[in-house]
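Quick notes on the structure that follows.
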Amino acid sequence: MPLDGGTFTAGPVVAEPRPFVPEPGEILHTATVEDLVGQPGTEISITAGDGSSLIGTQISTDSLWQSWNLTLTNTTSSTSNSIQLHPQSVTQNVATGTTEIVWRQWNNSIVTGSVTGSSVDLSITTTASASAGLITTGSSATSFNHTPVWNAWNRPAPHVWQQMDPAERAAHEETERAAYEERQAQYRVQREEDRAKKAEAAEKAEKLLLTCLTAEQRMEWRTRKCFYVTTRTGRRYRFDSNSYQGNVKLVNRDDMVLSTFCIHLPHHIPLCDHLLAQKLMLEADEPTFMRIANEAVRGGNGRVSDLILAAA
Amino acid sequence: MENIAGTSPLDGSPRTYQPGTGFGLIEQMGPEGDTKSIWDRNNEDEVAAARDTYEKLTKKGYRAYHVTGSEGEKGEPMSEFDPKVERMILVPPLQGG
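From first to last, the protein sequence lines are chains A and B. Each residue of the first sequence is one higher than the one before, starting from 1 at the first, in this note's numbering. Each residue of the second sequence is one higher than the one before, starting from 313 at the first, in this note's numbering.
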């Protein structure tokens with residue numbers, strides 16, 4: 001860990017439960033980390049519990065410790081991790097496919113007496129196969145005091161965030177903005193394509209409808225965007241095109257609406273196809289139309305659907 | 313009625329329908345407008361393909377109408393596929409709103 005001369009205190013750590021739980025607020029150690037997980041050369045800042053800040057070289061997600069621990073504990077497939085402790089060396093190998101936790105093993109090794117004392121140089125090296133998704137990491141720490149090494153290393157994560165210089169931040173923002181604009185452009189193109197498809201479908205449906213209307217109905221459609229159908233029972237219906245719902249209306253000679261019928265196809269089908277489907281059914285089979293449709297009576301009249309069904 | 317453009321039910325090749333020329337027309341409603349299948353009523357394979365389309369759709373609840381009249385202005389419900397019918401429209405199930 002890039003703990004170059006700084007001091008930090010504990011906070012909560014994710015990853016595996018630890019065999020050692022540090023005392024809250026305990027001031028720990030100073031340490032130096034040279035190489036860490038991720039891309040080298042990116043600056044991060046660590047703010048310790050006492051407010052001190054440290055600058056190191058590491059890339060992690062949001063927490064140095066978290067990253068470190070996850071890397072070590074998530075060895076669930078082919079790995080071979082060795083941890084060297086100077087002046088002693090401790091190696092832990094994890095067999096292929098096991099779920100053994102290297103970190104804990106290493107911790108136990110240390111606790112059993114490998115590292116104690118007021119000052120020790122420590123280096124850690126882990127390697128793992130690429131298939132395990134791990135990369136080689138290494139770090140060293142110095143100047144541990146009386147705390148067992150692992151206890152110190154396993155301290156909860158200090159808050160870590162990545163610092164960007166202004167130029168880098170501007171470039172990042174520019175990239176983000178460009179990506180956003182590209183997504184917006186793609187969305188606009190998609191929307192236009194959808195609109196064009198719908199318009200094409202509507203045009204086809206209207207064409208089909210017109211092939212099934214009489215000359216008089218076509219004229220009504222062209223002038224008023226509706227048409228009238230007189231069924232075998234002599235009733236006159238108006239087919240409006242302003243809505244998918246309730247657009248079929250029983251009308252009297254003065255075109256006054258007596259009842260409204262709600263019957264429709266699935267809504268993704270063009271409106272003119274709805275009208276044609278309604279017309280075909282009403283002309284061919286008025287009782288079935290009445291059985292399916294929901295009727296809303298206007299002006300205190302009785303339900304015409306009841307009359308038609310009773311007569312059918 | 314104008315000539316109607318559609319496709320063969322066998323290979324999807326473009327075809328034109330004109331009433332009284334020995335071809336049958338199935339117009340199947342769908343989200344992108346209707347799909348027109350134009351089949352040769354004297355070709356057994358095409359009749360079988362048209363029958364297959366008809367039966368698949370009616371099993372899904374589509375209603376078939378035999379459209380007649382010089383301008384197609386009348387529709388009669390069909391209860392089974394009839395290769396003599398020249399023009400039919402297949403309508404997805406209607407539901408009450």
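Just so you know, even glycine gets a beta-carbon here, dropped at the ideal spot from N, CA and C. Note that the structure is predicted; figures quoted are calculated from it, not measured.
- Put simply, the segment 208-228 of chain A does not touch the segment 360-367 of chain B. Fewer than three CB pairs are less than 8 Å apart.
- When 8 Å is used as the limit between beta carbons, N294(A) is near these residues of chain B: G408 and G409, in chain order.
- At a C-beta separation below 8 Å, E388(B) has these neighbours in chain A: A284.
- Beta-bridge partners assigned by DSSP to R238(A): Y228(A) and K249(A).
- Here DSSP, grouped into helix, strand and coil, assigns Q330(B) to coil.
- E286(A) is the residue among E286(A), A277(A) and G299(A) whose C-alpha sits nearest the C-alpha of L307(A).
- Going by C-alpha positions, L265(A) is about 22 Å away from V304(A).
- The three-state secondary structure of I292(A), taken from DSSP, is helix.
- For P389(B), the enclosing beta strand (DSSP E) stretches over residues K386 to P389.
- Look at the segment 336-357 of chain B: the residues with a C-beta under 8 Å from a C-beta of chain A are E339, M341, G342, P343, E344, G345 and D346.
- For C212(A), the closest Cβ of chain B is nearer than 8 Å.
- In terms of Cβ geometry, K204(A) and D346(B) form a close pair [threshold 8 Å].
- The contact set of V403(B) on chain A, defined by CB atoms closer than 7 Å, consists of A277 and L280 in chain order.
- The shortest CA-to-CA distance from H274(A) to any of N315(B), P343(B), T333(B) and M390(B) is the one to P343(B).
- As the crow flies, the alpha-carbon of L282(A) is around 34 Å from that of N355(B).
- When the five nearest sequence neighbours on each side are left out, the beta carbons in the same chain lying within less than 7 Å of the beta carbon of P321(B) are those of S349, W351, E358, A361, A362 and T365, in order along the chain.
- Around the beta carbon of Y237(A), a 10 Å sphere encloses 16 or more other beta carbons of the protein chains shown; the residue is thus reported as buried.
- Taking a beta-carbon distance threshold of 8 Å, Y377(B) counts as an interface residue toward chain A.
- Apart from the 5 residues on each side of it in sequence, A293(A) sits with its Cβ closer than 8 Å to the Cβ of V248, F261, C262, I263 and S305 in its chain, given in chain order.
- For C262(A), there is no enclosing alpha helix (DSSP H); the enclosing beta strand (DSSP E) covers residues V257 to H264.
- In this structure P404(B) is buried. Its beta-carbon is surrounded by 16 or more other beta-carbon atoms within 10 angstroms.
- Around the beta carbon of Q217(A), 16 or more other beta carbons sit within 10 angstroms, so the residue counts as buried.
- Taking a C-beta distance under 8 Å as the contact criterion, R291(A) and L271(A) do not qualify as a contact pair.
- Distance check between Y244(A) and each of R232(A), L276(A), K207(A) and A196(A) places L276(A) closest, using alpha-carbon atoms only.
- Counting only Cβ-Cβ distances below 9 Å, D194(A) has no contacts in chain B at all, with the closest Cβ about 11 Å away.
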